[in-house]
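**Student:** Keeping their order, the protein sequence lines are chains A and B. When the letters of the first sequence are read in order and numbered with the numbering used here, they come out as residues 1 to 529. When the letters of the second sequence are read in order and numbered with the numbering used here, they come out as residues 530 to 1008. Shown below is the structure under consideration.
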Amino acid sequence: MTQQPPAQQPPGQPPVMQPPVMEPPITQPPGTPFVPPSPAAFQQPGALGETGAQRLSRRQLLAAAENIFGVPAGAAAPLAPFDSASATYFESDYRALAFTSQLILDYESFATEYARAVRADRTNFVQRAGCTPTGSADTACFVKYAQGVGRRVLRRTVSATEAQAWAAKLMPYAVADSDFYSAVEGLVAMWLQHPEFLYRVEKAGAALDGFEIATRMSFFITGLPPDDALLDAASRLTDAQARRAEAERLLSTPAAIAAAEHFHARWLGFDDALLPNALDADARNETAKLVGRIAADGAADWLELFNAKQTWVTPALATHYGLPAPGGSAGWVTYPSGRAAGVLGHATVARLGAKFGDTSPTLRGYELMKRALCGKLSGQIPPGVDIDTQPGLPTDCKSTRYYQRGVAACATCHAITDNIGFGLENLGPAGEWRTEEPQNAACAIDGKGEVGGQAFTGPEALGEVLRNSPAVAACATKQLFHVLTGRLSTTADAASLEALAGQYWQSRSWRALLLAVVTSPAMAHKGAN
Amino acid sequence: MSGKHLSRRTFLRGGAVCIGLPLLDAMLPAVARAQASMPPSRFIATFMGTCTGSPALTNPAATGPFTAPLPMSFTSLQPVAQHVSILSGMAFPVYNTGSPTAPASALQQQHGGTISPLTSGCSAQDAVAPLVRGHTSDQHAADFLKPGSKFASLQMRVQAASYNGRTGSAAQGRGMSVRKVGSTLSELLPIESPARLFTMLFTGGSTMPPPTMPPPPGTPALPPLRKSVLDLVLADANRLTGSVGAEDRVRLDQHFTHIRDLERSLPGPVAADAGTTTGGGTMTSGCGALANPGVDPAISTYGFGGWANETQRGQWMADAIAYALACDLTRSVSWMLTHDQCWLNSVQTSGSTFVSPDGVTEIHSDSHNATADVRAKNANWGIGLWSRLISNLKARTEGSGTVLDRTFLSFVFAEGTNAHNKGSMTHLVAGYPSRVRNGVHIATGGLNPALVGLTGLKAIGMPVTQFGEISGAIPGLLI
């Protein structure tokens, strides 16, 4: 059954949808100069508001284990627990944690399997411990390993007393088995279930210690626990300049680029998107390359994300898009005129609008409004509307099929979502360029859209609007705030959010923004809990 | 302790809704304590996210004991028909956006919006997202039945992924079980991997072997390494929780509490893992056997109409649930056969031929567009898995009866006769014949389907009159 336009608004049914409220506005009124907000409020120690113990996401847990122990998670990875539901786009939300017996069993399953793998890799052990066990009862080597690697696992100093207590409990197993590594297996299994590994625990009190600052910095910039160099510098990290020096180093690591890629994949919603198999790896790499280039270049505008003039493609992806082929197996190519839309033209992001075997202007516009502009429609989908049924008649052009903009009861919201989506109709469900509708070649695509009261034609023009939009900047920096605090922002955070957006406008650089955050007093301050 | 008991109704004075409360020993009827030596009661809540077909295909022609073969939607139940009852004509009150007008209401526009009232008795508040808003029936049952079992509850799902174009963690989708403590809702996400369930069930989450060498004469035996590992984690509990702020302390306390529960459930110093052995791909113990499911069947596609041999997965889960209950590994199970909106491949489940606008054949599209007999066949696919579970429970003996004798099972569908229908729903119950009438068709005359969950809680002996926002009973069902 296809969905037909209602002849008129049902009696007694007022529109239930309200337009989204976005502050600051998407675009500035003509003739009104944009005045960036002041970043001053972010220099207050309490700028992050309430903070709490963030639990490592599944991704962070696996990456941390591999980073610390140097052993691939392999067979143990499927045993790692799933993330709790999150009110943010990101996997870590300390206000929405589930605590269940199943979770504890999952942690134990993962820890046990991974500890076995660590036990089996003796070369790795010797490298990390700095000693070769002389026999099954070599407590000294055990303690050396426990203190050295334990500092990275627990992100604090491990005292000799503590390490010896672990030895007292676990070395009897090594003796009983005549195998030193039985105790190592137990130690690693214990560490991986220890709350100081699983949670980013910060002690009560306003001032963080050096290890806690190191932990915040490292997870914020790289998504990984602090490395040895950062832990060595921990005692100096209460000083902003010391933090800057370490942050500069971290920002130059591949892990920082990977963390930036993951941030954007979660924010823009393509991390879990289904792409055609033949394009999947190439398309994800395309977006990763663009994000990586922007993140690595201290002078680049972060929001060039939406109107980058070049893209990284393989020959297959170039053919799919209808772009010039790159030299070699992959490379940067320059968009033809009218096509430079940054991630908007990538298959990863274009895919968010795929529906009914084609694109849905409503869905695509809604996703973009929600993610890039942090817009939110209030109210529910009205009774009688079936969003799983294709609207209109298949033989009609889409501007006729998606009729809701012209119906009073629907126009409030559809005028916003559909007007964005129709402006991107030149992009197919996987970003392929098209000039007429795939199901009806007689229907030409004009690419005309509107956002925030400003008309545009095609993805490039929309990208230009987004790049310079105060609302997009506010939305992007809000997502950064969510990652940093591990929670959804509230009205109590309004001043900090505005100031963080103001910080972005100071340089417009991703790298500079992260440095500003890390060197701010808030980085060394714990909020009320 | 006196023979009198404090009723939960008394405790609940004031009528708080959608809040889970601790069940104190003083609330237990004296008779329940006296029956401690009997096999335990068990509770299984099953959900399938689709519709059932037309009334003619779901409802027996007559009420009362079955006198004819079961209708098309439920033909797979025929071998166990004497253990099942059909509850027809159930209906959710519906409301438009705004305040609910009746307890356990569904939003008029429904996409997954019945799962909250069905599983928690709490009205839906979102038309699209299947958010469960209260302590679910399986969790009430888990709180009541927990003592003695290894897992307070188990949550599992047959459908391997959502099949709506999402991959990774997003493909897991939401579940049907929730715990509500205070104002905090905690989802208990189901496990969809048979291989993972097998590991969890039979090794308690750990495959760490006990020491292989016997201790020297005169030396005390070591506890299992697993126990020592947990002891070391717990040794830091006081230091750690004492060092953090109040809210973090609550979170860490919850974490440590579950570790403590796990540690206590482990045996003390033993030389071997008694009672459970592996071999030949089958796990055996004093309470039966279960085949190792091996590697999970692969997912064909995360897109619409995906398939990962859910029939095989579901059949193994039906066996595993029976094993877990018979071995008292748990007493409460929630079994989600499909996602709340089910895009599972219906060529595989029922041989459907209706092709959706996306060019695939799947259950959700069938529910909107296919004929009633196709919808009935899709429902009957899930019913077949449930039927296998009932047979398994019947086959496992304990005392002078079977596990089915002490198990209440419910099977609820997201929808009634067709997509979005909430006014003509048919649901099923089975088992616990000493307390639940089996083998009958009851026309409920529009009763709220949330009563199925409440009935189940009463059947297992829980002294409860309120479930989420709902109270009352299904006349003629409980004995």
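Note that beta-carbon positions come from the ideal geometry of N, C-alpha and C, so glycine has one too. Keep in mind the model is a prediction, meaning the values are calculated, not measured.
Kindly say whether B/E716, judged by its beta-carbon, lies nearer than 8 Å to any beta-carbon of chain A.
**Tutor:** Along the second sequence, one-based indexing puts residue 716 of chain B at 187. With 8 Å as the cut-off, B/E716 counts as an interface residue toward chain A.
**Student:** Starting from the beta carbon of B/V681, find every residue of chain A whose beta carbon is closer than 7 Å, and list them in chain order.
**Tutor:** Taking the first residue of the second sequence as 1, we reach residue 681 of chain B at position 152. Checking the sequence, you will find Ala at residue 681 of chain B rather than Val. Chain A residues near B/A681: S101.
**Student:** Which residues in the same chain as A/R244 place their Cβ atom closer than 8 Å to its Cβ, once the five residues preceding and following it in sequence are excluded?
**Tutor:** Within the first sequence, numbered from 1, the residue matching residue 244 of chain A stands at position 244. Hits under 8 Å: L515, V518, T519.
**Student:** Do we get a CB-CB distance below 8 Å when we pair A/P11 with the residues of chain B?
**Tutor:** For the purposes of this step, residue 11 of chain A is identified with residue 11 of the first sequence, where counting begins at 1. For A/P11, the pLDDT reaches just 37, beneath the cut-off of 50, and the residue's location in the model is therefore unreliable, although a value from the coordinates is still provided. By this cut-off, A/P11 is not an interface position.
**Student:** Can you name the residues of chain A whose CB is closer than 7 Å to the CB of B/M685?
**Tutor:** What you label residue 685 of chain B is simply residue 156 of the second sequence in a count that begins at 1. Result: empty, since nearest Cβ-Cβ is about 10 Å, beyond 7 Å.
**Student:** Classify B/N874 as buried or exposed, calling it buried when 16 or more other Cβ atoms lie within 10 Å of its own Cβ.
**Tutor:** For the purposes of this step, residue 874 of chain B is taken as the residue at position 345 of the second sequence. When all chains shown are included, B/N874 counts as buried.
**Student:** Quick check on A/S159 - is its C-beta less than 8 Å from some C-beta in chain B?
**Tutor:** Residue numbering aside, residue 159 of chain A sits at position 159 when the first sequence is read from its first letter. Taking Cβ atoms only, chain B never reaches closer than 8 Å to A/S159, which makes this a no.
**Student:** Check whether the Cβ of A/Q193 lies closer than 8 Å to any Cβ atom in chain B.
**Tutor:** As a first step, residue 193 of chain A must be located in the first sequence, where it is residue number 193. Chain B contact via Cβ: present.
**Student:** DSSP state of A/D358, grouped into three classes?
**Tutor:** Counted from its first residue, the first sequence places residue 358 of chain A at position 358. Note: A/D358 maps to strand in three-state DSSP.
**Student:** Should B/F576 go down as buried or exposed, given a rule of 16 or more other Cβ atoms within 10 Å for buried?
**Tutor:** Within the second sequence, numbered from 1, the residue matching residue 576 of chain B stands at position 47. The residue in question, B/F576, is buried, as its Cβ has 16 or more Cβ neighbours within 10 Å.
**Student:** Which whole runs of the beta strand (DSSP E) in the stretch 867 to 944 of chain B are 3 residues long or more, in chain order?
**Tutor:** You should have 936 to 942.
**Student:** Comparing the C-beta of B/Q783 with each C-beta of chain A, is any distance below 8 Å?
**Tutor:** As a first step, residue 783 of chain B is located in the second sequence; it is residue number 254 there, counting from the start. Yes, its Cβ sits closer than 8 Å to a Cβ of chain A.
**Student:** How is A/V517 classed by DSSP in three states: helix, strand or coil?
**Tutor:** The residue labelled residue 517 of chain A in the question sits at position 517 within the first sequence. If DSSP states are grouped into helix, strand and coil, A/V517 belongs with the helices.
**Student:** Determine whether the beta carbon atoms of B/R904 and B/C580 lie at a separation below 8 Å.
**Tutor:** Locating residue 904 of chain B in the second sequence gives position 375, where the first residue counts as 1. Locating residue 580 of chain B in the second sequence gives position 51, where the first residue counts as 1. Result yes, Cβ atoms of B/R904 and B/C580 sit closer than 8 Å.
**Student:** Output yes or no for whether 8 Å exceeds the beta carbon distance between B/T936 and B/I573.
**Tutor:** The count along the second sequence starts at 1 and reaches residue 936 of chain B at position 407. The count along the second sequence starts at 1 and reaches residue 573 of chain B at position 44. Yes, the Cβ-Cβ distance between B/T936 and B/I573 is below 8 Å.
**Student:** Does any residue of chain B bring its CB to less than 8 Å from the CB of A/L61?
**Tutor:** As a working mapping, residue 61 of chain A is identified with position 61 in the first sequence. Not closer than 8 Å to any Cβ of chain B, the Cβ of A/L61 fails to qualify, so no.
**Student:** What residue range is occupied by the uninterrupted alpha helix (DSSP H) comprising B/T604?
**Tutor:** For this step, residue 604 of chain B is matched to residue 75 along the second sequence. Unbroken run through B/T604: none, as it is neither H nor E.
**Student:** So, helix, strand or coil for B/E716, using DSSP?
**Tutor:** Position 187 of the second sequence, counting from 1, holds the residue named residue 716 of chain B. Strand, per DSSP.
**Student:** CA-CA distance, A/V483 and A/A283?
**Tutor:** Indexing the first sequence from 1 puts residue 483 of chain A at position 483. Indexing the first sequence from 1 puts residue 283 of chain A at position 283. If you take the alpha carbons of A/V483 and A/A283, they lie about 25 Å apart.
**Student:** By alpha-carbon positions, which one of B/G832, B/A855, B/E944, B/F942 ends up nearest to B/V889?
**Tutor:** The residue you call residue 889 of chain B lines up with position 360 of the second sequence. Closest option to B/V889, Cα to Cα, is B/G832.
**Student:** Of all the alpha helix (DSSP H) runs that stay within the bounds of the stretch 30 to 109 of chain A, which reach a length of 4 or more residues?
**Tutor:** Here the runs fully enclosed are 58 to 69.
**Student:** Below 8 Å on the Cβ atoms is my contact criterion, and I expect B/W845 with B/P723 to pass it. Report the Cβ-Cβ distance as a whole number of Å.
**Tutor:** Position 316 of the second sequence, counted from the start, is the residue given in the question as residue 845 of chain B. Position 194 of the second sequence, counted from the start, is the residue given in the question as residue 723 of chain B. With 8 Å as the limit, B/W845 and B/P723 qualify as a contact, their Cβ atoms being about 5 Å apart.
**Student:** Which term fits A/V35, buried or exposed, when burial requires 16 or more other beta carbons within 10 angstroms of its beta carbon?
**Tutor:** Position 35 of the first sequence, counted from the start, is the residue given in the question as residue 35 of chain A. Exposed.
**Student:** Got a sec: is the Cβ-Cβ distance from A/F82 to anything in chain B below 8 Å?
**Tutor:** Here residue 82 of chain A corresponds to residue number 82 of the first sequence, with the count starting at 1. Cβ-Cβ to chain B under 8 Å: yes for A/F82.
**Student:** Quick check: what's the CA-CA separation for A/A474 versus B/L918?
**Tutor:** Position 474 of the first sequence, counted from the first residue, corresponds to residue 474 of chain A. Position 389 of the second sequence, counted from the first residue, corresponds to residue 918 of chain B. Roughly 53 Å between the two C-alpha positions.
**Student:** Which same chain residues end up closer than 6 Å to A/A330 when comparing Cβ atoms and leaving out the 5 residues on each side of it in sequence?
**Tutor:** Position 330 of the first sequence holds residue 330 of chain A. For A/A330, where only same-chain residues beyond five positions count, the Cβ hits under 6 Å are T314.
**Student:** Would you tell me roughly how many angstroms separate the C-alpha atoms of B/T736 and B/T728, rounded to the nearest one?
**Tutor:** In the second sequence, the residue the question calls residue 736 of chain B occupies position 207. In the second sequence, the residue the question calls residue 728 of chain B occupies position 199. For B/T736, the predicted model reports a pLDDT of 37, less than 50, meaning its position is unreliable; a value from the coordinates is still stated below. Approximately 8 Å between the Cα atoms of the pair.
**Student:** In this structure, how does DSSP classify B/W836 when only helix, strand and coil are distinguished?
**Tutor:** As a working mapping, residue 836 of chain B is identified with position 307 in the second sequence. In this structure, B/W836 counts as coil in the three-state DSSP scheme.
**Student:** Once DSSP output is grouped into helix, strand and coil, what is the label at B/R780?
**Tutor:** In the second sequence, residue 780 of chain B corresponds to position 251, counting from 1. Reduced to three states, the DSSP call for B/R780 is helix.
**Student:** With a threshold of 6 Å on Cβ separation, who are the neighbours of B/S939 within its own chain once the five nearest residues in sequence on each side are excluded?
**Tutor:** Here residue 939 of chain B refers to the residue found at position 410 of the second sequence. If we look at B/S939 and ignore the five residues flanking it on each side, its Cβ neighbours are A574, V958, V981, G985.
**Student:** Using a Cβ cut-off of 8 Å, pull out every chain B residue sitting near A/N529, in sequence order please.
**Tutor:** For the purposes of this step, residue 529 of chain A is taken as the residue at position 529 of the first sequence. Within chain B, the residues near A/N529 are V773, G774, A775, E776, D777.
**Student:** State the Cα-Cα distance for the pair A/A499 and A/F42, rounded to the nearest angstrom.
**Tutor:** Taking the first residue of the first sequence as position 1, residue 499 of chain A is located at position 499. Taking the first residue of the first sequence as position 1, residue 42 of chain A is located at position 42. Their Cα atoms are separated by approximately 5 Å.
**Student:** What's the gap between the Cα of A/A522 and the Cα of A/T485?
**Tutor:** Taking the first residue of the first sequence as position 1, residue 522 of chain A is located at position 522. Taking the first residue of the first sequence as position 1, residue 485 of chain A is located at position 485. Those two C-alpha atoms are separated by around 11 Å.
**Student:** Kindly identify the DSSP beta-bridge partner or partners of A/D301.
**Tutor:** The sequence position of residue 301 of chain A within the first sequence is 301, counting from 1. Note: A/D301 sits in a beta bridge opposite A/S509.
**Student:** Under a CB-based cut-off of 8 Å, is B/V758 close to chain A?
**Tutor:** As a first step, residue 758 of chain B must be located in the second sequence, where it is residue number 229. Yes, contact with chain A.
**Student:** Hey, how far is the Cα of B/L1006 from the Cα of B/G968?
**Tutor:** One-based indexing of the second sequence puts residue 1006 of chain B at position 477. One-based indexing of the second sequence puts residue 968 of chain B at position 439. B/L1006 and B/G968: Cα-Cα distance of roughly 11 Å.
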